[in-house]
Structure formats: C-alpha cells, structure tokens
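Colleague: Position in the sequence shown (first residue = 1) + 292 = the working numbering.
Every residue gets a Cβ at the ideal spot worked out from N, C-alpha and C, and that includes glycine.
In this text the structure is predicted, and so the values were computed from the model without any measurement.
Questions regarding the structure given below will be posed in turn.
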Amino acid sequence: MKEAYFMKSLLRISVVVSVAVAVVTGCKQEPPPAPAPAPKAAPPAAQPAKPAIVSAEKNSFHEVAAHLDPGGDMYVYMSTERWLSGMSEKVSGWRQLLLGLPNLQGDAAEINQTFNLLSDLVKQSGLEEVSGVGISSIAREKGLYHSKILLHHYKGAGNGYLWSLFGKTPHALDALDLLPSTTAFAMYGDFDVASAWKVLQKHVNESGFREAREALNQAPLMFQQMTGLRLDDTLASFSGEFGLVLTLNDERMIKVPAGEGVMLDIPEPGLMIVCKVKDDSLFNYLDKQLQNNPQIMRTDRDGLKMRTMPVPLPFPIAIRPTIARAGDYLFIALNEMLVEEALAVKGGQKTGLKATGEYKRLAQGLPAQGNGFAFVSKRMGRTIGQIQQAALRGNSGITAENKKLMEQYFGGEAAESLIISAKTDEGWLATANGTGQPTPVVMMATVAFPVGLLSAIAIPNFVKARTTAQLNAIKLNLRQLDAAKAQWALENRKPDGTAVRMQDLNPYLRRGGIQPVVGEEYRPNPMGTPPEAILEKKQGNLAAGSVIRAD
Numbered sequence: 293m294k295e296a297y298f299m300k301s302l303l304r305i306s307v308v309v310s311v312a313v314a315v316v317t318g319c320k321q322e323p324p325p326a327p328a329p330a331p332k333a334a335p336p337a338a339q340p341a342k343p344a345i346v347s348a349e350k351n352s353f354h355e356v357a358a359h360l361d362p363g364g365d366m367y368v369y370m371s372t373e374r375w376l377s378g379m380s381e382k383v384s385g386w387r388q389l390l391l392g393l394p395n396l397q398g399d400a401a402e403i404n405q406t407f408n409l410l411s412d413l414v415k416q417s418g419l420e421e422v423s424g425v426g427i428s429s430i431a432r433e434k435g436l437y438h439s440k441i442l443l444h445h446y447k448g449a450g451n452g453y454l455w456s457l458f459g460k461t462p463h464a465l466d467a468l469d470l471l472p473s474t475t476a477f478a479m480y481g482d483f484d485v486a487s488a489w490k491v492l493q494k495h496v497n498e499s500g501f502r503e504a505r506e507a508l509n510q511a512p513l514m515f516q517q518m519t520g521l522r523l524d525d526t527l528a529s530f531s532g533e534f535g536l537v538l539t540l541n542d543e544r545m546i547k548v549p550a551g552e553g554v555m556l557d558i559p560e561p562g563l564m565i566v567c568k569v570k571d572d573s574l575f576n577y578l579d580k581q582l583q584n585n586p587q588i589m590r591t592d593r594d595g596l597k598m599r600t601m602p603v604p605l606p607f608p609i610a611i612r613p614t615i616a617r618a619g620d621y622l623f624i625a626l627n628e629m630l631v632e633e634a635l636a637v638k639g640g641q642k643t644g645l646k647a648t649g650e651y652k653r654l655a656q657g658l659p660a661q662g663n664g665f666a667f668v669s670k671r672m673g674r675t676i677g678q679i680q681q682a683a684l685r686g687n688s689g690i691t692a693e694n695k696k697l698m699e700q701y702f703g704g705e706a707a708e709s710l711i712i713s714a715k716t717d718e719g720w721l722a723t724a725n726g727t728g729q730p731t732p733v734v735m736m737a738t739v740a741f742p743v744g745l746l747s748a749i750a751i752p753n754f755v756k757a758r759t760t761a762q763l764n765a766i767k768l769n770l771r772q773l774d775a776a777k778a779q780w781a782l783e784n785r786k787p788d789g790t791a792v793r794m795q796d797l798n799p800y801l802r803r804g805g806i807q808p809v810v811g812e813e814y815r816p817n818p819m820g821t822p823p824e825a826i827l828e829k830k831q832g833n834l835a836a837g838s839v840i841r842a843d
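Right, dumping it as structure tokens:
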C-alpha cells in the first residue's frame with residue numbers, strides 16, 4: 293500500500309514538472325533562453341496644454357503687435373479703447389458735475405459753451421479713434437537700438453485732425469538733402485497750416501464765445517492792414533512742410549562764457565528755419581520791408597533770391613539775419629553761409645549729412661519715406677555736456693562733492709538718434725535707431741529739449757539783432773541828413789545857427805527824403821548842431837521819446 297501511494301505521488305510530481313517545462317519552453321526541447329531584460333517604464337502621458345486666455349474685451353493687441361519687434365529690451369502695449377472711445381460724450385457729461393457746484397451756478401452759460409467746444413474738438417480730433425499704443429526696442433547691434441512707437445487706429449478709421457493735419461501719405465524726405473555735414477540737430481515734418489487755421493475758425497465760430505469769435509474774425513483784416521497780404525492766401529502759399537536745423541561747425545571754434553570766469557571753446561553754432569512754399573509771396577513781402585535799408589546785401593542769381601542784414605557788432609558767431617528763396621524752399625537763417633551750404637549740398641557740390649558715417653549707421657533699416665524726421669548727433673549732446681560741466685566747474689556755490697557727482701552725470705556718453713515718422717493705414721508709426729536705452733525715451737527727450745533750448749537762445753538773439761540793425765539804419769539816415777545839411781549850407785552860404793527845414797534838404801537826399809525805419813521823427817536842427825531822431829515807440833533798451841544822434 294505504501295509503495296502504491298509513493299508511485300502515485302511521484303507520477304503526479306512528474307506530470308506537474310512536465311507541464312511547467314512545456315509552458316516555459318513552448319513544448320520544444322531547446323536550451324532555456326537568457327533571462328529577458330526588465331521592460332522600460334512607459335513615458336508619462338502628455339499633459340493637455342492649458343487653453344490661452346482670450347480677452348473678454350475687444351482690444352488692438354494683435355494689430356499693434358504686428359508692427360512691433362518682440363524679443364528686445366522693451367515691449368509695451370496699452371489699449372486705450374475703453375477710456376478714449378466715447379470721450380466726447382464723457383467730456384460733455386462732466387458739465388453736470390460743475391453745474392451742480394453752488395459757486396458756479398451763475399456761470400452756467402459759459403460752462404455750457406466751454407463744454408460744447410471741448411466735446412466738439414474731441415469728437416472731430418480723431419482722439420476717440422486711438423485704439424492703442426505700442427512701443428518696442430531691440431538691440432540691432434551692441435549699443436544701437438531699433439525702436440518703434442505706434443499710435444494705432446483700426447483700418448478704415450483715422451478721419452480726425454490728429455490723422456490729417458500732420459501729413460496724409462508718406463513721401464520722399466527731400467529735406468534731408470539740404471542738411472550740411474555739420475548738422476547737429478534737425479527736425480522736419482508735415483503740417484497743414486491752412487487747414488489748421490480753418491479748423492480753429494470753425495470751432496471758435498461755433499463755440500458761442502462772442503469775444504473769441506470777434507477777435508478771430510478780425511485777425512485776417514488786421515493781417516492785411518499790416519502786411520498788405522490776404523491771410524488765407526499767405527497760409528495757402530505754404531506747401532505744408534516746416535523744419536528747424538542747428539549746425540555745429542568744428543572747423544570754426546568760438547569762445548563762450550560758461551560760468552564765473554570760465555571760457556569754453558565750442559563749435560560755432562548756426563540756426564536755420566526751412567519752409568516748403570508754393571510761390572514767392574512771403575519772400576516778396578519781406579523783401580519789400582527791407583528795400584529802404586541800404587545796408588541790406590542782395591543776391592539774385594541762378595534761381596536764388598537772398599537778402600542779408602549785416603550786424604556790425606562783435607558777436608563771437610556770424611550773425612547776419614538772412615532770408616532766401618530757392619527751389620521749393622524759403623529759408624530764414626542766422627547768416628547767408630548756412631543757406632549757401634544747404635543749396636550746395638542739395639546741388640551735389642558739397643557732401644552733406646547723408647554722406648556721414650554717423651547718419652549711415654543710424655539710417656540702417658529705417659523707411660525711406662515718411663511724413664517727418666528728427667536727427668540728433670552725438671556732437672549735440674557732447675557740446676551741451678561740455679557747457680554744463682564747465683558751468684559747474686565755474687560755479688563757486690556748489691560743493692566739490694556735488695560738482696563731482698554732477699560732472700559724472702553730465703559727462704556720460706552723448707546719445708544720437710534718427711527717427712522717421714509716417715502715417716500708415718493703421719495710425720502713426722515712428723521708427724528710430726539710436727544709442728541710449730530705451731531709445732523711445734531718448735527719442736522724445738532729444739526732440740523736445742533742443743527745441744525749447746534753441747528757442748530760448750535764438751529768439752532773443754534774433755530780436756536783439758533786428759533792434760540793433762534798425763538803430764544802425766537810423767544812424768545812417770542821420771549821417772545822410774548831416775551831409776545834406778553841409779551841402780545845402782555850402783551852396784546857399786548859410787552860416788552856423790541858421791534854421792534848417794526838412795524840405796530844404798530833400799533835394800540833397802536820395803529818393804527825395806529820409807525814410808523812417810521804425811516811425812521815428814527826424815529833426816535837422818540849426819547849422820552847427822547835429823540832426824536828431826526821436827523814437828516814436830520803445831526800441832530795445834531805448835524808451836519812446838528817446839533822442840538818437842549819429843556817432
């Protein structure tokens with residue numbers, strides 16, 4: 293029994309082992325294979341991308357971004373639709389706030405007129421169509437930044453004054469061909485002055501302000517009485533392009549005071565205003581005003597008409613106020629050399645700004661056409677910095693520590709920039725290359741600051757030069773009057789003390805008599821005493837009624 297049980301157990305074990313071997317080997321009588329490598333872990337399942345947030349409010353981001361350069365040092369977008377759209381209605385609505393104030397209830401009529409005017413101006417200006425502002429700046433090369441600023445409106449919009457007075461379509465920037473190589477600052481652009489005058493007339497006449505309307509309506513009559521020209525015709529004679537040019541000539545250095553006992557050598561500056569015109573009407577008027585001044589130097593050659601007024605005073609720079617008409621341009625310049633050089637550059641006889649390495653570097657990648665440009669040379673900032681540093685050194689009221697800090701501040705690397713602005717079908721786009729970071733800030737600062745600085749310097753100097761020239765012309769008249777007295781006395785054997793009348797001297801004077809310069813009265817005085825001129829009105833530092841005698 294035990295043997296039978298043992299044999300049955302052995303048989304069962306044999307069957308189990310045989311089945312196990314068959315399963316492992318696939319019922320084949322082959323050597324067992326090498327152990328299989330452990331299976332690699334499956335990669336984790338990809339996470340679903342988060343859906344991009346879509347603005348619930350309409351904005352112009354994608355339209356503006358299409359004009360900007362990503363990946364640089366600055367990238368800014370600001371939507372203005374919510375707070376500019378319907379601005380005219382919001383302005384009009386604010387009147388209720390003021391009308392509700394107890395102190396102003398008696399001024400309701402004036403408040404309503406004011407808000408009507410403001411609301412209409414905003415509505416017609418095109419400000420409500422501004423959908424956004426975009427700014428980008430990216431380094432084109434180390435230290436040189438390519439920047440853009442876009443004032444955007446949607447395609448099909450852009451019908452207000454903001455989009456029309458400063459140019460309609462981009463065009464060749466021909467005024468660049470007038471700039472001498474010594475140009476340190478230049479700003480030139482489109483401005484429709486005739487349309488701006490009509491806009492002003494329209495809104496003032498519709499404003500309800502009687503005094504303003506009457507004053508404005510009298511302006512054309514007063515202008516015609518003063519000049520003999522119709523205001524509308526004069527404004528229409530402009531082609532709608534105006535510019536300002538400042539030169540710094542390194543070949544002619546001048547000394548200027550820059551503080552207490554400090555003199556500084558700087559390049560000689562020159563200033564010129566350039567206007568594109570359609571005809572000679574404005575030049576002819578100015579020429580007529582100068583006809584009675586024998587000091588005027590006249591140039592008429594090869595399509596150039598130029599009148600220059602010498603100023604016989606010891607200025608460190610050449611101040612000879614000049615007006616000129618050549619080609620399509622009217623020039624008003626500090627001296628005639630600036631006009632001559634601009635025309636030589638235009639005619640190809642001289643190389644100008646566009647041939648300089650600085651301009652070529654800044655012009656890379658900028659549009660060839662636009663509605664305006666602004667250029668700032670390194671020499672501009674360098675010269676201003678030198679003046680500021682010299683002024684600090686000569687100022688005894690500043691401590692040595694503060695001087696050092698301020699000299700470090702003003703002694704930084706001078707910036708340079710070239711900006712081209714152009715009207716597009718989506719608004720105003722300004723494209724610039726410049727040093728300094730970010731360029732948009734530099735760009736706006738370098739345009740605004742020089743204009744204010746140059747105006748503060750140039751306008752008083754022009755006024756002073758004009759006043760000096762008028763006084764010199766009066767003294768020249770007195771010398772002619774004295775010479776006529778001597779000739780009259782000689783021919784008529786008149787001794788000293790003899791009374792003299794102006795009609796006695798007219799035959800001995802050119803053009804049959806003395807022509808007043810600023811309305812002054814001439815007194816020949818008796819023989820043996822010099823003639824005099826009595827000022828009718830204040831002239832420079834001389835009060836009305838002052839007596840002028842020839843030197």
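Exposed or buried, Met598, counting other C-beta atoms within 10 Å across all chains shown (16 or more means buried)?
Modeller: buried
Colleague: Can the beta-carbon of Glu349 be found closer than 7 angstroms to that of Leu376?
Modeller: no
Colleague: By the 10 Å Cβ neighbour count, where 16 or more other Cβ atoms means buried, how is Pro362 classified, buried or exposed?
Modeller: exposed
Colleague: Where does Asn541 fall in DSSP's three states?
Modeller: strand
Colleague: Quick one: give me the first and last residue of the alpha helix (DSSP H) that Trp375 is part of.
Modeller: Glu373 to Leu376
Colleague: Starting from Ala478, follow its DSSP beta bridges and name the residues at the other end.
Modeller: Val537 and Phe667
Colleague: Looking only at its chain, what residues have a beta carbon closer than 6 angstroms to the beta carbon of Lys670, apart from the 5 residues adjacent to it on each side?
Modeller: Within the same chain, Lys670 has close Cβ partners Ala706 and Glu708.
Colleague: Just grab the DSSP bridge partners of Val569 for me.
Modeller: Phe530
Colleague: Measuring CA to CA, which of Gln661, Leu468 and Pro472 is closest to Glu632?
Modeller: Checking every option, the nearest Cα to that of Glu632 belongs to Pro472.
Colleague: If I measure Cβ to Cβ from Ala616 and keep anything under 6 angstroms in the same chain, skipping five residues before and after, which residues do I get?
Modeller: Met598, Phe623 and Val631
Colleague: In terms of residues, what are the limits of the beta strand (DSSP E) holding Lys597?
Modeller: Leu596 to Thr600
Colleague: May I ask you to list the residues that DSSP assigns as paired with Ile840?
Modeller: Ala825
Colleague: Going by DSSP, which residues form a beta bridge with His445?
Modeller: None, per the DSSP bridge assignment.
Colleague: Have a look at Gly364, Trp780 and Ala478 and flag the residue whose alpha-carbon is nearest the alpha-carbon of Ser428.
Modeller: Considering only alpha carbons, the answer is Gly364.
Colleague: Glu783: buried (16+ other C-beta within 10 angstroms of its C-beta) or exposed?
Modeller: exposed
Colleague: Taking Cβ positions, are Tyr367 and Phe353 nearer each other than 7 angstroms?
Modeller: no
Colleague: What residues in its chain sit with their C-beta under 7 angstroms from that of Lys580, if we drop five residues either side in the sequence?
Modeller: Same-chain partners within the cutoff: there are none.
Colleague: Indicate whether at least one CB of chain C lies closer than 7 angstroms to the CB of Ala467.
Modeller: No chain C is present in this structure, which holds just one protein chain.
Colleague: Does the separation of the CB atoms of Phe483 and Phe534 fall below 7 angstroms?
Modeller: Taking a C-beta distance under 7 angstroms as the contact criterion, Phe483 and Phe534 qualify as a contact pair.
Colleague: Could you pull the start and end residues of the beta strand (DSSP E) that Thr643 belongs to?
Modeller: That residue, Thr643, is in no beta strand (DSSP E); it is neither H nor E in DSSP.
Colleague: Around the C-beta of Arg674, are 16 or more other C-beta atoms found within 10 angstroms, so that it is buried, or is it exposed?
Modeller: Its Cβ being crowded by 16 or more others within 10 Å, Arg674 is buried.
Colleague: Sorted by chain position, which residues of the same chain lie with C-beta nearer than 7 angstroms to Ala765's C-beta, five sequence neighbours on each side aside?
Modeller: Cβ neighbours of Ala765 beyond the five flanking positions: Asn585, Gln587 and Val809.
Colleague: Mind checking Ile826: buried by the 16 CB within 10 Å criterion, or exposed?
Modeller: exposed
Colleague: By the 10 Å Cβ neighbour count, where 16 or more other Cβ atoms means buried, how is Val309 classified, buried or exposed?
Modeller: Low local confidence applies: a pLDDT of 33 at Val309 is under 50, so the model's placement there is unreliable, with the coordinate-based value given in what follows. Val309 should be labelled exposed.
Colleague: Measuring only the C-alpha atoms, how far is Gly424 from Ser573?
Modeller: 42 angstroms
Colleague: Which word fits Arg612, buried or exposed, when buried means at least 16 other C-beta atoms lie within 10 angstroms of its C-beta?
Modeller: buried
Colleague: Just the Cα atoms here: how many angstroms apart are Phe501 and Asn509?
Modeller: 12 angstroms
Colleague: Quick check: the stretch 521–537 against the stretch 550–570, are there 3 or more CB pairs under 8 angstroms?
Modeller: yes
Colleague: Can you tell which of Leu658, Gly820, Ala504 and Ser487 has its C-alpha closest to the C-alpha of Ala464?
Modeller: Leu658
Colleague: For His438 versus Asn725, is the C-beta distance shorter than 7 angstroms?
Modeller: yes
Colleague: Ignore the nearest five residues each way along the sequence and tell me which others in Met736's own chain have a CB closer than 7 angstroms to its CB.
Modeller: Because the pLDDT at Met736 is just 46, under 50, the model does not fix this residue reliably, and the point stays unresolved.
Colleague: Between the stretch 812–820 and the stretch 787–795, do at least 3 Cβ pairs fall closer than 8 angstroms?
Modeller: Contact between the stretch 812–820 and the stretch 787–795 is present, because at least three Cβ pairs lie under 8 angstroms.
Colleague: Need the endpoints of the beta strand (DSSP E) that Ala722 sits in, please.
Modeller: Gly719 to Gly726
Colleague: Tell me where the beta strand (DSSP E) around Ala616 begins and ends.
Modeller: Thr614 to Ala618
Colleague: Distance check for Asn833 and Tyr814, CA to CA, integer angstroms please.
Modeller: 20 angstroms
Colleague: DSSP has Leu389 in a bridge; who is on the other side?
Modeller: In DSSP, Leu389 forms no bridge with anything.
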